[in-house]
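Residue numbering for the sequence shown follows my numbering, starting at 18 and increasing by one per position.
Don't be surprised by glycine CBs; every beta carbon is placed ideally from N, CA and C.
Quick caveat: nothing in here was measured; it's all calculated off a predicted structure.
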Amino acid sequence: MRKGLAFTGVAVALVGAGVLLVAISLSSGTSGSIVEGVSAPVIAANTNYTHVIPSSPQRSAAVIFAWSSTRSVQVSLYVAGGCPNQTVGYVCPSGGALKHWWSETGTWSWSGAVTEPWLLIVVNPNSTAAALNGTLVESYPAPTSFSSGINLVVLLVGSILLIGIGALALFLGLFLRGGVYQPRPEPVGQPDSSILDHDDLDDDDWESGSPSDPDVDDP
């Protein structure tokens, strides 16, 4: 086992996993929102109250509006628009009411494109003053671009490569033998066959009829 190589593999793989988490978080997309409050502490008896609620132009948004009042009042929500035959700066409803209530509380939700501010009109038909508070929330996805898409692809590819390299280094670190490699020792040589064929006995031993001579009969 080579511990240094194994630890390096783990470190590289962890870096790759971190990059992958960043890429996943970017791919899921961040979101934005705006919150606008409406506060009318005194709406006099038999009077109207008009309020323009700012918005953020978006191609797609989720909108929620909620309100409450101390008296039962008539509340209408519109898309704001210009007023015909009026000085610039006047705001009038653009089209019909998005929602109409006659109560003390109300909620409204909607999703789609947002192009203009919202217009709230409150009518207090009571003989006493009323107070009204409301909140409008717009939630929308963060805009994306071609360059951000390319960056996301680069992060994904880079994270996969880092994880792959780290896994390979870890595998080699676990299964390679540790220590410094030594050359294999040369095998012990076998004696030369020419030496084995050579007869170490003197010629005189053969001529004298040595017992080791196979041609000499035993006495």
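{"Query": "Beta-carbon contacts of residue 128 that lie in its chain and below 6 Å, excluding the five residues immediately before and after", "Result": "79"}
{"Query": "Residue from 186, 184, 158, 151 whose Cα sits closest to the Cα of residue 85", "Result": "151"}
{"Query": "Which listed residue (133, 141, 111, 113) has its alpha carbon closest to that of residue 120", "Result": "141"}
{"Query": "Assigned secondary structure, residue 176 (DSSP; H/G/I helix, E/B strand, else coil)", "Result": "helix"}
{"Query": "N-terminal and C-terminal residue of the beta strand (DSSP E) that residue 153 is part of", "Result": "147-158"}
{"Query": "CA nearest to the CA of residue 115, picked from 138, 179, 157, 101", "Result": "138"}
{"Query": "Contacting residues, own chain, Cβ-Cβ under 6 Å from residue 87 (five flanking each side not counted)", "Result": "147, 148"}
{"Query": "Segment limits, beta strand (DSSP E) that includes residue 107", "Result": "That residue, residue 107, is in no beta strand (DSSP E); it is neither H nor E in DSSP."}
{"Query": "Distance, residue 118 Cα to residue 125 Cα", "Result": "10 Å"}
{"Query": "Straight-line Cα distance separating residue 107 from residue 134", "Result": "13 Å"}
{"Query": "Helix, strand or coil at residue 132 [DSSP, three-state]", "Result": "coil"}
{"Query": "Residue 30 - DSSP class collapsed to helix/strand/coil", "Result": "helix"}
{"Query": "Three-state secondary structure (DSSP) of residue 193", "Result": "coil"}
{"Query": "Spatial distance of residue 47 from residue 184 (CA atoms)", "Result": "Because residue 47 sits at a pLDDT of 48, beneath the cut-off of 50, its placement in the model cannot be relied upon, and the point is left open."}
{"Query": "Limits of the beta strand (DSSP E) - the one that residue 86 falls within", "Result": "75-99"}
{"Query": "Expected contact under 8 Å - CB spacing of residue 136 and residue 97 to nearest Å", "Result": "4 Å"}
{"Query": "Residues near residue 171 by beta carbon distance below 8 Å, same chain, minus five either side", "Result": "none"}
{"Query": "C-beta atoms of residue 30 and residue 191 nearer than 9 Å", "Result": "no"}
{"Query": "Reduced DSSP secondary structure (H/G/I, E/B, other) of residue 113", "Result": "coil"}
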